[in-house]
Amino acid sequence: MNNFITNIINNDINNGLDIKKIKFRFPPEPNGVLHLGHIKALYINFYLAKKYNAKINLRFEDTNPINIKYKYINNIINNLKWLNFKYNNITYVSDYFNILYKLAKILIIKKKAYIQIFKNNKLYNINNIEHNLHIFHNMKYGKYNKNYILKAKINNINTNNYYINNPIMYRIINYKHFRTKYNWNIFPTYDWSHGQSDYIENITHSLCSTEFIIHKNIYNWYLNNIYNKNFNKILPKQIEFSRLNINNTITSKRKINILIKKKIINNLCDPRLLTINSFIKKGYSNKYLIDFIKVIGYSKRNNNININLLNNIIKNNLIKKSIKLMVIIKPFKIIIKNFKNNYIKWIYLKEYNKIIPFTKYIYIEKKDFKIKNYNNFYRLCINNYVRLKYSYIIKIDNITKNNNNYNIYCSIYNNNKINKNNIKSTIQWISNKYYLKIKIILYDYIFINNNKIYNKKIKILNAYSNIIIENIKINKIYQFHRIGFFYFYKYINKIYYFKKIILFNNKNNLY
RNA sequence: AGACUUGUGGUGUAAAGGUAGCACCUCAGAUUUUGGUUCUGAUAGUUAAGGUUCGAAUCCUUACAAGUCUGCCA
Numbered sequence: 022m023n024n025f026i027t028n029i030i031n032n033d034i035n036n037g038l039d040i041k042k043i044k045f046r047f048p049p050e051p052n053g054v055l056h057l058g059h060i061k062a063l064y065i066n067f068y069l070a071k072k073y074n075a076k077i078n079l080r081f082e083d084t085n086p087i088n089i090k091y092k093y094i095n096n097i098i099n100n101l102k103w104l105n106f107k108y109n110n111i112t113y114v115s116d117y118f119n120i121l122y123k124l125a126k127i128l129i130i131k132k133k134a135y136i137q138i139f140k141n142n143k144l145y146n147i148n149n150i151e152h153n154l155h156i157f158h159n160m161k162y163g164k165y166n167k168n169y170i171l172k173a174k175i176n177n178i179n180t181n182n183y184y185i186n187n188p189i190m191y192r193i194i195n196y197k198h199f200r201t202k203y204n205w206n207i208f209p210t211y212d213w214s215h216g217q218s219d220y221i222e223n224i225t226h227s228l229c230s231t232e233f234i235i236h237k238n239i240y241n242w243y244l245n246n247i248y249n250k251n252f253n254k255i256l257p258k259q260i261e262f263s264r265l266n267i268n269n270t271i272t273s274k275r276k277i278n279i280l281i282k283k284k285i286i287n288n289l290c291d292p293r294l295l296t297i298n299s300f301i302k303k304g305y306s307n308k309y310l311i312d313f314i315k316v317i318g319y320s321k322r323n324n325n326i327n328i329n330l331l332n333n334i335i336k337n338n339l340i341k342k343s344i345k346l347m348v349i350i351k352p353f354k355i356i357i358k359n360f361k362n363n364y365i366k367w368i369y370l371k372e373y374n375k376i377i378p379f380t381k382y383i384y385i386e387k388k389d390f391k392i393k394n395y396n397n398f399y400r401l402c403i404n405n406y407v408r409l410k411y412s413y414i415i416k417i418d419n420i421t422k423n424n425n426n427y428n429i430y431c432s433i434y435n436n437n438k439i440n441k442n443n444i445k446s447t448i449q450w451i452s453n454k455y456y457l458k459i460k461i462i463l464y465d466y467i468f469i470n471n472n473k474i475y476n477k478k479i480k481i482l483n484a485y486s487n488i489i490i491e492n493i494k495i496n497k498i499y500q501f502h503r504i505g506f507f508y509f510y511k512y513i514n515k516i517y518y519f520k521k522i523i524l525f526n527n528k529n530n531l532y
């Protein structure tokens with residue numbers, strides 16, 4: 022894999038960076054679950070770590086006690102385990118609160134940081150160093166209300182953007198932190214803590230998404246003002262790449278939460294979401310997702326990837342290994358003339374070492390039958406030979422009509438006597454006596470029409486399967502012959518429930 | 001509105017001043033006990049204009065377009 026990131030690192034090596042010192046980090050905030058976009062960020066870091074034989078830290082960005090929740094830490098660790106991304110250390114920004122506090126005091130002494138107070142609808146800046154230190158100390162011990170903040174004094178950056186010019190380093194938050202408890206009343210902001218954490222951990226290349234480009238000046242300003250030659254440390258370098266955008270769905274935590282509030286989705290495991298938890302629940306292998314990430318690559322430009330690319334990769338992976346079931350959604354009865362009423366022919370399926378029953382009356386899918394052939398209809402109609410999957414070649418002999426019901430009489434034909442070119446279709450079937458009741462849950466992408474309109478449709482269909490299902494496991498993925506891929510997720514009242522993963526091409530109006 | 005970033009076939013991504021390549025999509029043919037898969041092939045591209053250069057997707061200028069940011073979130 023070659024991209025602008027490897028180019029930058031190779032340049033750094035050519036310019037004297039010791040290859041042994043290269044180190045990366047993955048810094049999630051434990052405020053939600055990981056999704057496909059995180060896999061993109063993870064993969065580049067772990068790919069580079071492998072390429073340069075470098076170390077990599079999993080760093081939890083727990084700077085804001087209000088946002089973070091302990092349960093997400095375990096979830097992230099388990100997700101990484103499932104993805105088989107092996108990091109060297111787990112670190113927490115909260116471990117650096119003491120160091121960050123000391124560094125902030127150094128900036129105050131250097132007159133690079135100052136306290137700002139909001140009082141009587143006015144902002145007051147403190148100039149005196151001793152006074153600043155005194156207030157900062159008292160802020161730490163909770164002696165002030167939220168109107169006190171510590172700001173960095175960056176006046177050199179050529180911008181009229183006030184936020185960028187005077188970023189906040191510390192704000193007062195009176196909230197229990199899950200690790201430091203009530204020890205701190207002030208918490209560092211992302212801007213202040215992130216670059217410093219990279220520096221403390223000896224990270225050489227700090228990869229993030231392009232929305233942080235505007236913060237790069239702050240990142241570098243802090244580092245340059247903290248950098249101490251005596252420590253013999255390398256200044257980390259922020260490199261940005263564009264975040265993952267996929268049409269017809271979303272990944273952003275904020276937008277997912279809106280959908281949950283609007284009750285369009287129930288939870289973070291909803292199969293329509295691209296969260297790692299949903300992938301695990303759907304029985305995916307991590308390989309499918311990494312294959313996808315490898316294909317889409319990395320750049321700085323805005324992108325919009327068609328979700329079918331992901332679906333194709335999943336489909337091509339599944340096609341090799343999933344068990345095939347014959348499933349009928351809308352049964353249509355046909356009669357085999359050659360068979361006697363109670364005769365059962367057991368057909369042996371070598372692939373699965375199982376037998377399935379074939380009887381006089383069988384059901385095929387309603388859409389697999391038409392009386393007359395038009396528009397190149399390959400399936401069952403007058404004059405068409407059709408192969409029933411795993412069993413006989415049939416053709417319609419005659420059709421009778423009672424009321425509104427057709428009776429379709431078919432004859433079995435010898436495999437060897439029919440020209441192969443005349444059999445254009447192999448369709449699924451079930452015996453009218455032996456089958457399993459199943460339910461299929463179908464849903465569409467969350468968004469239609471370029472991510473602007475919600476798609477709430479969820480269909481639950483009754484269907485029938487041949488009886489090959491045994492030792493069925495939750496989360497196991499099955500292929501429904503000619504329909505698509507589904508995963509089994511529950512068994513209630515003698516009914517097996519399956520949820521959609523991917524449907525096969527539907528343009529010929531199969532279903 | 002400003003600041004910043006980015007513009008390569010329909011989509012995604014390579015080419016670090018020297019042959020515009022790869023993958024997906026689409027289309028066609030072959031294979032096929034899935035109208036699936038697989039295989040072969042075809043179509044199609046450097047946002048625009050100017051400049052530097054023997055030579056520009058690449059460097060410079062201008063225009064245009066898209067995205068991000070303008071949070072005491074990260």
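The numbering used here applies: residue 22 is where the first sequence begins, and numbers increase by one.
Quick reminder that beta carbons are idealized off the backbone N, C-alpha and C, glycines included.
Distance between residue j and residue i (C-alpha atoms, nearest Å)
i                 : j                 : result
asparagine 204    : leucine 124       : 18 Å
asparagine 324    : serine 263        : 8 Å
arginine 200      : leucine 79        : 17 Å
lysine 172        : asparagine 141    : 19 Å
lysine 388        : lysine 351        : 8 Å
leucine 531       : tyrosine 517      : Because leucine 531 sits at a pLDDT of 45, beneath the cut-off of 50, its placement in the model cannot be relied upon, and the point is left open.
isoleucine 26     : phenylalanine 47  : 16 Å
isoleucine 77     : leucine 409       : 55 Å
lysine 197        : glycine 163       : 13 Å
asparagine 492    : phenylalanine 501 : 17 Å
tyrosine 510      : threonine 296     : 17 Å
phenylalanine 81  : asparagine 245    : 24 Å
asparagine 85     : serine 227        : 21 Å
isoleucine 448    : tyrosine 384      : 11 Å
leucine 331       : tyrosine 508      : 17 Å
isoleucine 89     : serine 218        : 18 Å
tyrosine 406      : phenylalanine 300 : 41 Å
isoleucine 277    : asparagine 35     : 43 Å
isoleucine 392    : asparagine 24     : 57 Å
lysine 202        : isoleucine 193    : 14 Å
asparagine 496    : leucine 339       : 13 Å
isoleucine 120    : isoleucine 136    : 19 Å
isoleucine 30     : proline 292       : 38 Å
isoleucine 247    : tyrosine 122      : 12 Å
phenylalanine 398 : asparagine 425    : 23 Å
asparagine 298    : leucine 55        : 8 Å
isoleucine 376    : serine 486        : 14 Å
serine 306        : leucine 294       : 16 Å
glycine 318       : serine 273        : 20 Å
Paired residues, beta bridge with residue i - DSSP
i              : result
cysteine 229   : Glu261
isoleucine 493 : According to DSSP, which records beta bridges pairwise, isoleucine 493 is partnered with nothing at all.
proline 352    : Glu386
glutamine 137  : Asn146, Ile170
tryptophan 213 : According to DSSP, tryptophan 213 bridges with nothing at all.
tyrosine 434   : Ile414
tryptophan 367 : Pro378
threonine 272  : DSSP output for threonine 272 lists no bridge partner at all.
threonine 447  : Arg408
lysine 208     : Looking at the sequence provided, one finds phenylalanine at residue 208 rather than lysine. Paired residue(s): Arg192.
Residue environment, residue i, which counts as buried when at least 16 other CB atoms sit within 10 Å
i              : result
isoleucine 207 : buried
lysine 480     : exposed
asparagine 66  : buried
histidine 59   : buried
glycine 304    : buried
tyrosine 68    : buried
tryptophan 242 : buried
lysine 520     : buried
isoleucine 224 : buried
tryptophan 450 : buried
Residue i beta carbon near the ligand GDP (any heavy atom closer than 7 Å)
i              : result
asparagine 141 : By its list of ligands, the structure shown contains no ligand whatsoever, and the ligand GDP lies outside what it can speak to.
### Task
Say whether the stretch 252-270 touches the stretch 446-464, bearing in mind that this needs 3 or more beta-carbon pairs closer than 8 Å, one atom from each stretch.
no
### Message
Closer than 8 Å is the cut-off here; do at least three beta carbon pairs connect the stretch 88-95 with the stretch 337-356?
### Response
No, because fewer than three Cβ pairs between the stretch 88-95 and the stretch 337-356 fall closer than 8 Å, the two stretches do not touch.
### Message
As an exercise, report each continuous alpha helix (DSSP H) stretch of at least 4 residues that is fully enclosed by the stretch 299-342, in chain order.
### Response
307-317, 328-339
#### Entry: the stretch 417-434 touching the stretch 357-372, judged by at least three CB pairs closer than 8 Å
yes
### Query
For the 8 Å Cβ check, are there 3 or more pairs between the stretch 436-444 and the stretch 309-324?
no
### Task
Only counting runs of 4 or more residues, tell me where the alpha helix (DSSP H) segments fall wholly within the stretch 54-114, in order along the chain.
57-72, 91-104
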